[in-house]
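Chemist: Quick note on the UniProt record's numbering: the sequence shown kicks off at 1 and runs consecutively. We put the CB at the ideal spot given by N, CA and C, even for glycine. Structure provided below as structure tokens; questions to follow.
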Amino acid sequence: MNASPGNPASSAVPLFYLVGPSGVGKDSVIKVLQTLVQGGELFLPRRVITRPVNAGGEQHEAVPESEFAAREAAGEFLFAWRSHGRCYGIGLEAARALAAGTPVLVNGSREYLPQARARVPALVPLALHAPPDVLRDRLLGRAREDEDEVRARLARAAALQSSLPADTRFIAAEGPVEGVARRVLDLVRNGNPDQGR
């Protein structure tokens with residue numbers, strides 16, 4: 001069953017919705033996935049964010065808030081949310097990929113997950129997780145947050161697992177990023193990561 005770009009609710013093709021606490025390595029995993037994915041087996045859309053590209057992290061489409069708001073009002077996003085003072089969007093190219101029968105993996109927001117699932121019922125929540133000491137080291141290493149912000153992000157991470165839906169697939173984000181990306185891709189391809197919760 002195909003979905004129209006404006007209404008992906010009828011698609012049976014999965015949309016993998018990747019979440020995880022700050023510092024768990026979602027951006028790095030997605031970057032490696034881009035090198036591992038073969039042909040049209042998985043679409044990895046670039047997010048639209050009201051943050052400069054040179055601010056670190058993922059390679060996204062940077063737009064001012066006014067442009068984001070105009071695009072959102074025009075219905076150009078499959079998903080759109082706000083977090084940490086920024087606006088984030090996933091464009092309709094993700095809906096077009098689903099309509100064409102291609103699974104999609106997006107870097108999502110755990111707070112927006114219920115709204116995303118309402119738009120795309122075939123959504124499969126994936127959650128990267130790592131021990132608190134690993135997250136702390138990664139957050140400090142990227143030098144984007146001060147000590148108070150790191151503590152706040154670690155507190156949010158602690159609450160993450162219990163707040164996610166029961167069907168969430170958990171993937172350990174430990175070891176080399178290539179191995180983590182392969183576990184994600186194994187789950188996408190086969191439904192079973194070689195390492196879970």
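Under a three-way DSSP split, which group does alanine 155 fall into?
Modeler: Helix.
Chemist: Tell whether a beta-carbon distance below 8 Å holds between proline 125 and tyrosine 17.
Modeler: Yes. Within cutoff.
Chemist: If you count every other CB in all the chains shown that lies within 10 Å of the CB of asparagine 107, and 16 or more means buried, which is it?
Modeler: When all chains shown are included, asparagine 107 counts as buried.
Chemist: Please state if the CB of cysteine 87 and the CB of threonine 35 are separated by a distance shorter than 8 Å.
Modeler: Against a cut-off of 8 Å, the Cβ pair of cysteine 87 and threonine 35 comes out as no contact.
Chemist: Just checking my contact of alanine 152 with valine 24 at CB under 8 Å: how many whole Å lie between their CB atoms?
Modeler: At roughly 15 Å, the Cβ-Cβ gap does not stay under 8 Å, so alanine 152 and valine 24 are not in contact.
Chemist: Is alanine 3 helix, strand or coil when you go by DSSP?
Modeler: Residue confidence is low: alanine 3 scores 41 on pLDDT, short of 50, so the model does not pin down where it sits. No coordinate-derived value is stated.
Chemist: Would you check if the distance between the CB atom of valine 32 and the CB atom of alanine 181 is smaller than 8 Å?
Modeler: Yes, Cβ-Cβ distance for valine 32 and alanine 181 is below 8 Å.
Chemist: Can you tell me which of the three DSSP states valine 32 falls into?
Modeler: Helix.
Chemist: Straight-line CA distance for valine 29 to serine 66?
Modeler: Straight-line Cα distance between these residues: approximately 30 Å.
Chemist: By the 10 Å Cβ neighbour count, where 16 or more other Cβ atoms means buried, how is residue 199 classified, buried or exposed?
Modeler: Only positions 1 to 197 of the chain appear in the structure, and residue 199 is not among them; the question remains open.
Chemist: Return helix, strand or coil for glycine 196, following the three-state DSSP convention.
Modeler: Any reading at glycine 196 must be qualified, since the residue scores a pLDDT of 44, below 50, and its modelled position is unreliable; the value itself is stated next. Coil.
Chemist: Using CA coordinates, which residue listed in Leu128, Pro45, Pro114 and Glu61 is at the minimum distance from proline 21?
Modeler: That would be Leu128, whose Cα lies nearest to the Cα of proline 21.
Chemist: Under 6 Å Cβ to Cβ from alanine 80, same chain only, skipping five residues before and after it: list those, please.
Modeler: Taken in chain order, the residues that qualify are Glu72 and Gly89.
Chemist: Which word fits proline 114, buried or exposed, when buried means at least 16 other C-beta atoms lie within 10 angstroms of its C-beta?
Modeler: Exposed, because fewer than 16 other Cβ atoms sit within 10 Å of the Cβ of proline 114.
Chemist: Do phenylalanine 68 and valine 37 come within 8 Å of each other at the CB atom, strictly closer than that value?
Modeler: No, Cβ-Cβ distance for valine 37 and phenylalanine 68 is not below 8 Å.
Chemist: Along the chain, where does the beta strand (DSSP E) containing glycine 89 start, and where does it finish?
Modeler: First-last of the beta strand (DSSP E) with glycine 89: 86-91.
Chemist: Run through DSSP, which three-state label would residue 201 get?
Modeler: Because the chain in this structure spans residues 1 to 197, residue 201 falls outside the shown range and cannot be described.
Chemist: Per DSSP, what kind of secondary structure is aspartate 186 in: helix, strand or coil?
Modeler: Helix at aspartate 186.
Chemist: Based on Cα-Cα distance, which residue from His60, Arg46 and Val134 lies nearest to alanine 173?
Modeler: For the residues His60, Arg46 and Val134, the minimum Cα distance to alanine 173 belongs to Val134.
Chemist: Measure from the alpha carbon of proline 52 to the alpha carbon of each residue in Pro45, Val63 and Phe43, then state which is nearest.
Modeler: Cα-wise, what sits closest to proline 52 is Val63.
Chemist: From isoleucine 171 to aspartate 27, what does the alpha carbon distance come to, in whole angstroms?
Modeler: Rounded to the nearest angstrom, the two C-alpha atoms are 15 Å apart.
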